[in-house]
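Inspection log for the structure reproduced underneath, given as structure tokens.
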Amino acid sequence: MLEFEQTTDLTSKCYQDALVIRKRVFIKEQGVAPALEIANEAEAVHFVAYVDGRSAATARILNEEGPSWHIQRVATLPEFRGQGIAKSLMEYLEKVAHNHDIRYLKLGAQDQAQGFYRKLGYHVEGPGFLEAGIAHHQMQKKLF
Numbered sequence: 001m002l003e004f005e006q007t008t009d010l011t012s013k014c015y016q017d018a019l020v021i022r023k024r025v026f027i028k029e030q031g032v033a034p035a036l037e038i039a040n041e042a043e044a045v046h047f048v049a050y051v052d053g054r055s056a057a058t059a060r061i062l063n064e065e066g067p068s069w070h071i072q073r074v075a076t077l078p079e080f081r082g083q084g085i086a087k088s089l090m091e092y093l094e095k096v097a098h099n100h101d102i103r104y105l106k107l108g109a110q111d112q113a114q115g116f117y118r119k120l121g122y123h124v125e126g127p128g129f130l131e132a133g134i135a136h137h138q139m140q141k142k143l144f
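Residue 47 in full-length UniProt numbering sits at position 47 of the sequence shown; the count goes up by one each step and never skips.
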């Protein structure tokens with residue numbers, strides 16, 4: 001069964017589960033420096049997708065000025081990839097955003113993940129950029 005939890009409590013199990021996923025995916029797999037990956041934690045709302053009680057995917061949201069949120073740190077553990085979990089998590093984030101009258105979701109997508117976000121209705125906004133040595137593009141989706 002797929003379930004979602006969210007937290008702003010940096011001492012919670014949910015946050016610790018999010019960190020485990022992020023460290024494995026971004027730091028271990030992709031070589032992102034820990035100081036770059038683990039930043040702005042207290043300003044974010046952290047989300048974790050659980051499959052049968054096991055943490056599988058994570059994302060976080062930063063509130064921006066105006067009617068938009070910035071999604072960051074979307075990651076799925078390797079053993080859960082290809083099962084639609086990240087898609088379900090993104091759809092859940094959209095519902096949460098809509099319930100808070102957020103009109104736009106923005107994210108800095110790694111270029112290799114652009115296809116995933118395009119399928120979810122995001123489009124590229126502006127030129128590419130490097131973050132932690134990885135090519136990215138800003139993407140956005142209008143919710144309503």
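Heads up, the beta-carbon is just placed ideally off N, CA and C, and yes, glycines get one too.
Since we're looking at a predicted model, the values are computed, not measured.
Query, Result
"Start-end ranges of the beta strand (DSSP E) lying completely within the UniProt domain \"N-acetyltransferase\" (5-144), minimum 3 residues", "44-51, 54-63, 68-76, 104-110, 123-131 and 134-142"
"Through-space distance from Gln138 to Ala57, alpha-carbon basis", "21 Å"
"The stretch 44-61 in contact with the stretch 71-80 per 3-pair CB rule at 8 Å", "yes"
"Distance between Gln114 and Leu2 (C-alpha atoms, nearest Å)", "24 Å"
"Neighbour-count burial assignment, His98, 16 or more Cβ in a 10 Å radius", "exposed"
"Gly53 versus Ala33 - alpha carbon distance", "29 Å"
"Local Cβ density within 10 Å of Lys13, reported as buried at 16 or more and exposed below that", "exposed"
"Environment of Thr7 [buried if 16+ CB atoms lie within 10 Å]", "buried"
"For Phe129 and Leu89, believed in contact at Cβ under 8 Å, the rounded distance", "So it is not a contact: roughly 24 Å between Cβ atoms."
"Cβ-based neighbour list, Glu125, same chain, cut-off 6 Å, excluding 5 preceding and 5 following", "Gln138 and Gln140"
"Distance CB(Gly133)-CB(Gly31) smaller than 9 Å", "yes"
"Residue nearest to Ser55 in terms of C-alpha spacing, selected from Leu36, Tyr15 and Glu94", "Tyr15"
"Alpha-carbon to alpha-carbon, Arg22 and Glu91", "20 Å"
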